[in-house]
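A.B. asks: Quick one: structure below, then a few questions.
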């Protein structure tokens, strides 16, 4: 679990984002119970754009999946959620951070040797990125 939000004013929103993050990790772990996700060694080091250091490949992919869930959550909430102006402003800012980090993560992971299941998951992450960009193109 990421953390309990310290920002009292936006605790509800930040906690929901943290839960989306964790849901991404848990979802990938369910798939990992049935599939390796990567043909190569799971701990082969690649650069993690989130941690700014070398990390095991599977951990970097976990970051991509978690960011995908966070971006999807933020995109969906902005499309239909009842938010105060302050919450909307914060969520727009966070969503842009998620988009940039996910874009960087996708570039880092695009050459991994995915299994068939892993490739489908990766493609879904890419599709979510593209859809979120199209849905809100020009909005911020």
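Numbering (our numbering), first residue to last: 335 to 474.
Beta carbons: idealized from backbone N, C-alpha and C, even for Gly.
For residue 368, is the classification buried or exposed, using 16 other Cβ atoms within 10 angstroms of its Cβ as the cut-off for buried?
C.D. replies: By one-based count along the chain shown, residue 368 stands at place 34. With fewer than 16 other Cβ atoms within 10 Å, it is exposed.
A.B. asks: Along the alpha helix (DSSP H) that carries residue 428, what are the first and last residues, could you check?
C.D. replies: On the chain shown, residue 428 is found 94 positions in, with the first residue counted as 1. Residue 428 -> alpha helix (DSSP H) spans 419 to 443.
A.B. asks: With which residues is residue 342 paired in a DSSP beta bridge?
C.D. replies: By 1-based counting over the chain shown, the position of residue 342 is 8. Residue 342 is not bridged to any residue.
A.B. asks: Residue 477: which of 424, 396, 366 and 371 sits nearest, CA to CA?
C.D. replies: For residue 477 there is no data in the structure shown, the boundaries of the chain being 335 and 474.
A.B. asks: Check whether the stretch 414 to 433 and the stretch 369 to 384 are in contact - that is, three or more C-beta pairs closer than 8 Å.
C.D. replies: Verdict: no, contact absent.
A.B. asks: Can you list, in chain order, the residues of its chain whose CB lies under 7 Å from that of residue 400, leaving out five sequence neighbours each side?
C.D. replies: Within the chain shown, numbered from 1, the residue matching residue 400 stands at position 66. Only 355, 358 and 359 meet the Cβ criterion.
A.B. asks: Roughly how many angstroms separate the alpha carbons of residue 363 and residue 457, rounded to a whole number?
C.D. replies: Along the chain shown, one-based indexing puts residue 363 at 29. Along the chain shown, one-based indexing puts residue 457 at 123. For residue 363 and residue 457, the distance between alpha carbons rounds to 17 Å.
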